[in-house]
DNA sequence: AACAGACTTAATGTATACACTGGGGCCAAA
DNA sequence: TTTGGCCCCAGTGTATACATTAAGTCTGTT
């Protein structure tokens, strides 16, 4: 694997997992020593991260990890509602029915995944991720899909702010199931509405359980 | 100005203005000689361009200028309708009325700008650009604004494909005026509808006058 | 003649040396 | 003591040399 790719993945992971707190200055030499590569790949990685909005060039004095304020979360969800609502509607029109029927059935069984002792909820998040991928594929619009992928980076970061208790995750699974069901039924307005409902509930939960850093 | 910035601006301009045709291979050494800087800034510029989607890394053999197919144009306008529709609606709710009343009045006088002999339509495009900026500012959502800015790069490129005759530009000015009027009136649904109408007309015009390369 | 494999080479990927710039600290004067 | 200006330097910005990889070609075998 290329060194710049490793540096990018490592830094991105560190930021998303909040191991690098907002405001942290990422000096090129320092990071190159920490990651065991030269400045060039680190520089390229920092450029990509700044383009994504995870870091911010701080005029001559390195790049800093961007903060996520409460207003940012509101803005993020406003854009998310726009994009994912449209995506769900398009998937309902263009998607292949059996795929979403299958996902719907699996999402109805999601509570079983949350009862066991896996603390990282790996299976659950993998299933939700498969729904995202199925929608991405169904919309057959690479620009829209790319915009949503760019958003999801920030959303994973926000998710780490909230306490994902089993109760919320079960409710979220039911909401996801409703989205999959609407898409499988080929009903774009219902799919969009279900997405809107889900995102509003998610946002409320994040804001309610959010612990300021 | 930094060399990487100059290289980026120059390459971007060359691509948008179709001086660099789709499929053109941009070798780092070649471009560094042409632009009079070393490979490092050129490399950074190419990275930024690839992140924006104007170029595409072609696995080991340089980066190539991306093509714009008819499907791409459809996808582009689908996303554009989603984003700009939402933006217009938000601007109608959050924007400052006098700003858009002023823009509305100026847009109604746009035909005067198109009657003179300026072939590049500089004043006209500047006015339309001011409307875009006013909407960007009014929505007060940096993520949405950034997504729209990223889109506009591709749209300028598409615009160069179409024949911008005076008739179409006058009609477009009237459509823009309708959008500004709806925002000034504080009517989000009308603003969104006016945007939808404008974008559909634009797309029809592009597809009708598009000359394949 | 067609295909498989290694070689060639031209490009990218990486490391590092040098240039430049902006900020912080120190010193001096009021 | 405070403030203004200068100096120092840490860090980014650029150039270039070296390593690596992948596409294209050539040759040998089937």
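Residue numbers (UniProt numbering), protein chains in the order written: chain A, 1 to 213; chain B, 1 to 213. Glycine included, every Cβ here is placed at the ideal spot set by N, Cα and C. Computed from a predicted model, the values in this text were never measured in an experiment.
Whole-angstrom C-beta distance between residue j and residue i, which should lie under 8 Å
{"i": "residue 43 of chain A", "j": "residue 50 of chain A", "result": "Not confirmed; about 11 Å, so no contact."}
{"i": "residue 195 of chain A", "j": "residue 85 of chain A", "result": "5 Å"}
{"i": "residue 178 of chain A", "j": "residue 100 of chain A", "result": "Incorrect: roughly 11 Å between the Cβ atoms, too far for contact."}
{"i": "residue 183 of chain A", "j": "residue 88 of chain A", "result": "6 Å"}
{"i": "residue 147 of chain B", "j": "residue 147 of chain A", "result": "6 Å"}
{"i": "residue 39 of chain A", "j": "residue 28 of chain A", "result": "5 Å"}
{"i": "residue 47 of chain B", "j": "residue 47 of chain A", "result": "6 Å"}
{"i": "residue 76 of chain B", "j": "residue 154 of chain B", "result": "6 Å"}
{"i": "residue 125 of chain B", "j": "residue 114 of chain B", "result": "That pair is no contact at about 11 Å."}
{"i": "residue 144 of chain B", "j": "residue 83 of chain B", "result": "7 Å"}
{"i": "residue 176 of chain B", "j": "residue 107 of chain B", "result": "5 Å"}
{"i": "residue 206 of chain B", "j": "residue 162 of chain B", "result": "4 Å"}
{"i": "residue 105 of chain B", "j": "residue 173 of chain B", "result": "Incorrect: roughly 12 Å between the Cβ atoms, too far for contact."}
{"i": "residue 9 of chain A", "j": "residue 91 of chain A", "result": "The Cβ separation is near 29 Å, so there is no contact."}
{"i": "residue 67 of chain A", "j": "residue 23 of chain A", "result": "7 Å"}
{"i": "residue 150 of chain A", "j": "residue 52 of chain A", "result": "6 Å"}
{"i": "residue 130 of chain A", "j": "residue 186 of chain A", "result": "Not a contact, Cβ separation roughly 20 Å."}
{"i": "residue 160 of chain A", "j": "residue 17 of chain A", "result": "7 Å"}
{"i": "residue 7 of chain B", "j": "residue 45 of chain B", "result": "4 Å"}
{"i": "residue 11 of chain B", "j": "residue 31 of chain B", "result": "7 Å"}
First and last residue of the uninterrupted alpha helix (DSSP H) at residue i
{"i": "residue 123 of chain A", "result": "122-139"}
{"i": "residue 85 of chain A", "result": "70-94"}
{"i": "residue 114 of chain B", "result": "110-115"}
{"i": "residue 188 of chain A", "result": "188-209"}
{"i": "residue 157 of chain A", "result": "142-159"}
{"i": "residue 182 of chain B", "result": "166-184"}
Exercise for the section: Can you check the UniProt domain "HTH gntR-type" (1-68) of chain B for any beta strand (DSSP E) of at least 3 residues that lies completely inside it and give the ranges in chain order? Expected result: 55-57, 63-65
Practice task
Mind the definition here: the segment 135-142 of chain A touches the segment 159-175 of chain A only if three or more C-beta pairs lie below 8 Å; say whether that holds.
Solution key: Too few Cβ pairs lie closer than 8 Å, so no.
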